[in-house]
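Note that the UniProt record's numbering gives residue 227 to position 227 of the sequence shown, counting from 1, and the numbers run on in steps of one. We put the CB at the ideal spot given by N, CA and C, even for glycine.
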Amino acid sequence: MIKLIAIDLDGTLLNDKKEVNPKDIDYLKNLIDKGIKVAVTTGRDFFSAKSFFPDDLKLTFVTLSGNAIFDYEGNEIYANYFDYETILKLSNFSDDNFLTHVNGYKSKYNVLMLNGNYSTEVKKYIERFYFPVKFVDKFEKNEKYFSCVFVGDVNYLYNLSKEIEKVENNLNFYLMPTNLPEYYMLEIVQGGISKFTALKRLMEKFNINNEEVMAFGDEENDMEMLSSVKYGYIMKNARKTLKNKLKETAFTNNEGGVIKTIKEWDLI
């Protein structure tokens, strides 16, 4: 019996137009009404992830690649924060393409950027994901820092991750496309933090075991989750290099692959 379904957003539940089919939302509501927990597991922040769904849809949001969990009303269930000194060290690696995700939801912002001239890559990245940004003269110790992101060319970011690893070795790096064809993002979170570690917290909270969990994803930050739960599905549209021995959906994100796969289980 499936009791928890974890679903990535970009490239998975969202189509390439960054939309969720209204019929898919209705189906998710029916699952929740039947008592099945549905968790959105995404690299996006809470504001961005929540924007795709009705306010009263009782989803759980695993955000920022496992750094924070919120209920549908925005109440924090779990959060993991960087220490202040690490954020300062990471920000020193670049002064024009660095941003940090913070817990400023109560104050209506969730990204901090230093005042200054930012690269074209970062400006487009911010515009693409509609992040509420607060510009500051310096990063303050009293902020709660979730993760940080560098944006740019894939080769530059790969080399940057290797440089950072030389001085900070207890970090997780996720190098992923940004949905802007020419740019990638390097997302950095604390070591030991992932979508799956956050999902395990939900499993413990709701007394759900691994064989009662289904998950869907398409990118590098989904791999641990998909390979660790009993029923992990990688999307048909995912990169071939990521598919390995994972179960694959018969349909892409543009064809409603997530919901079509769930329906095969006759859960409702």
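TODO: Evaluate Y158 with the Cβ neighbour count: other Cβ atoms within 10 Å of its Cβ, from every protein chain shown; 16 or more gives buried, anything less gives exposed.
DONE: Exposed: under 16 other Cβ atoms inside 10 Å.
TODO: Pull up the DSSP beta-bridge partners for V189, would you.
DONE: N172.
Open item on the list: What does the Cβ neighbour count give for W171, buried or exposed, with the cut at 16 atoms within 10 Å?
Closed with: The residue you asked about is not Trp; residue 171 is Leu in the sequence shown. Under this definition L171 is a buried residue.
Open item on the list: If the criterion is Cβ atoms closer than 8 Å, does the pair A250 and G66 meet it?
Closed with: Against a cut-off of 8 Å, the Cβ pair of G66 and A250 comes out as no contact.
Open item on the list: Given this structure, state the Cα-to-Cα distance separating L267 from Y174, to the nearest angstrom.
Closed with: In a straight line, the C-alpha of L267 is about 33 Å away from that of Y174.
Open item on the list: Comparing C-alpha positions only, which one of N244, T86, K144 sits nearest to N169?
Closed with: Here the closest residue by C-alpha is T86.
TODO: Identify every residue that forms a DSSP beta bridge with I5.
DONE: The partner list for I5 (beta bridge, DSSP) reads V38, M214.
Task: Contact belief for K240 with I234 at Cβ below 8 Å, rounded distance in angstroms - done: With 8 Å as the limit, K240 and I234 do not qualify as a contact, their Cβ atoms being about 10 Å apart.
Task: Reduced DSSP secondary structure (H/G/I, E/B, other) of K134 - done: Secondary structure of K134 (DSSP, three-state): strand.
Task: Residues of its chain near V136, where Cβ-Cβ distance is below 8 Å and the 5 sequence neighbours each way are ignored - done: If we look at V136 and ignore the five residues flanking it on each side, its Cβ neighbours are L112, M113, L114, N115.
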